[in-house]
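Participant: Counted the way this note's numbering counts, the sequence shown spans residues 541 to 787.
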Amino acid sequence: MQLYPAIDLKNGQCVRLRQGEFKDITVYSDRPEEIAAKWQSKGATFLHLVDLDGALAGHSVNKEVVKKIAAEVSIPVQMGGGIRKEEDIEFILSLGVSRVIIGTKAAENPEFIRQMVNKFGQERIVAGIDAKNGMVAVEGWEKISNLSASQLANQMKEYGIRHVVYTDIARDGMLSGPNVEYTRKLTEETGLDIIASGGMSSMEDLEELYHAGICGAIIGKALYENRIDLKEAIVAFEGQDHQGRKS
């Protein structure tokens, strides 16, 4: 199971929100590139970045910080937040980011995803599916669409997507545990690489996802509040198959 330490960016700082509420914010560092280097030094093999300002603005905002992070680490980085145009994707990839996560645009214009997968390849384009009570939320989680997460995931598969970041908004930043059942359902229904996001709070949560056959987990607040030791989690869950054998 691939683990993704999360770095959420707002005003050039590393922050965490609760349930995506911009008024409920904790600042962890004003040097996010140092946080990225720290996670890499603890064994991280992939990083997850979110441009929170970008998600609201509809275009990338924290470009300089992203550039610094990509230059600071040698591991791949995936990033989401406000990426809604082909030129945005090209620009983000040019900064040294490996994978671009597209959320709002995937829900509002799925055909765009098909075009971007055709142009950049399925390893570069990730669909971000953010849901409240199973229904897809868009525009920085400000609006709820009439599409279910399951419907959108199946459509994304049809359009060539291989990786999906699935966020349960009600659990995000709450340390209340991930929505294992729904994430398992999406994985089993689609056969896609579903990456669980939202609510990770303990090694037990990661273990549940791991045994449910989930391909990846994004860990944010639990790392910053020392509830999960990244080094220990990587030893336990990365590089093993589901029977616990080293792969």
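For each residue, glycine too, the CB sits at the ideal point set by N, CA and C. In this text the structure is predicted, and so the values were computed from the model without any measurement.
Do D628 and H599 have their beta-carbon atoms positioned less than 9 Å apart in this structure?
Facilitator: Position 59 of the sequence shown, counting from 1, holds the residue named residue 599. Position 88 of the sequence shown, counting from 1, holds the residue named residue 628. Yes, they are a contact pair.
Participant: Are there 16 or more other CB atoms within 10 angstroms of the CB of N719, so buried, or fewer, so exposed?
Facilitator: As a first step, residue 719 is located in the sequence shown; it is residue number 179 there, counting from the start. Burial call: buried.
Participant: My assumption, with CB atoms under 8 Å, is that E679 sits in contact with T644. Please give the rounded CB distance.
Facilitator: In the sequence shown, the residue the question calls residue 679 occupies position 139. In the sequence shown, the residue the question calls residue 644 occupies position 104. Contact holds; Cβ gap of about 5 Å.
Participant: Going by other Cβ atoms of all chains shown within 10 Å of its Cβ, with 16 needed for buried, is E748 buried or exposed?
Facilitator: For the purposes of this step, residue 748 is identified with residue 208 of the sequence shown, where counting begins at 1. That one is buried.
Participant: Give me, in chain order, the residues of the same chain whose beta-carbon lies closer than 8 Å to that of N694; leave out the 5 immediate sequence neighbours on both sides.
Facilitator: Position 154 of the sequence shown, counting from 1, holds the residue named residue 694. Taken in chain order, the residues that qualify are E729 and T730.
Participant: Nearest-angstrom Cα distance between V657 and G621?
Facilitator: By one-based count along the sequence shown, residue 657 stands at place 117. By one-based count along the sequence shown, residue 621 stands at place 81. So the two alpha carbons sit approximately 18 Å from each other.
Participant: Are the CB atoms of P545 and I759 within a distance shorter than 9 Å?
Facilitator: Stepping through the sequence shown from its first residue, residue 759 is reached at position 219. Stepping through the sequence shown from its first residue, residue 545 is reached at position 5. Yes, these two residues count as a Cβ contact at 9 Å.
Participant: Which of helix, strand or coil does DSSP assign to A584?
Facilitator: Counting from one through the sequence shown, the residue named residue 584 turns up at place 44. Three-state result, A584: coil.
Participant: Determine which residues share a DSSP beta bridge with Q553 and list them.
Facilitator: As a position in the sequence shown, residue 553 is number 13, starting the count at 1. Partner(s): K550.
Participant: Figure out for me which residue from N686, L596, G661 and H703 has the closest Cα to the Cα of A671.
Facilitator: Indexing the sequence shown from 1 puts residue 671 at position 131. The shortest Cα separation from A671 among N686, L596, G661 and H703 belongs to N686.
Participant: Rounded C-beta distance between I632 and Q580? I'm assuming under 8 Å.
Facilitator: Position 92 of the sequence shown, counted from the first residue, corresponds to residue 632. Position 40 of the sequence shown, counted from the first residue, corresponds to residue 580. No, I632 and Q580 are not in contact; Cβ-Cβ is about 20 Å, not under 8 Å.
Participant: Can you list, in chain order, the residues of its chain with a C-beta nearer than 8 Å to that of R702? Leave out the 5 residues immediately preceding and following it.
Facilitator: Looking up residue 702 in the sequence shown gives position 162. Within the same chain, R702 has close Cβ partners Q662, E663, L732 and D733.
Participant: Does N673 pass the burial test, meaning 16 or more other C-beta atoms within 10 Å, or should it be called exposed?
Facilitator: As a first step, residue 673 is located in the sequence shown; it is residue number 133 there, counting from the start. Counting Cβ neighbours within 10 Å, N673 comes out exposed, since fewer than 16 surround it.
Participant: Which of the three DSSP states, helix, strand or coil, is assigned to A773?
Facilitator: Translated into positions along the sequence shown, residue 773 becomes position 233. Correct three-state label for A773: helix.
Participant: Residues in the same chain with beta-carbon distance under 7 Å from S569, minus the five sequence neighbours each way, listed in chain order, please.
Facilitator: The residue given as residue 569 occupies position 29 in the sequence shown. Excluding positions up to five away in sequence, the list reads Q553, C554 and I575.
Participant: How many Å lie between K578 and L763 at the Cα?
Facilitator: Taking the first residue of the sequence shown as 1, we reach residue 578 at position 38. Taking the first residue of the sequence shown as 1, we reach residue 763 at position 223. So the alpha carbons of these two residues sit roughly 11 Å apart.
Participant: To which residues does DSSP link L543 through a beta bridge?
Facilitator: The count along the sequence shown starts at 1 and reaches residue 543 at position 3. Note: L543 sits in a beta bridge opposite A757.
Participant: If we ignore side chains and look at the alpha-carbon of each, how far apart do V676 and I684 end up?
Facilitator: Start at 1 with the first residue of the sequence shown, and residue 676 comes out as number 136. Start at 1 with the first residue of the sequence shown, and residue 684 comes out as number 144. Cα to Cα, V676 sits roughly 6 Å from I684.
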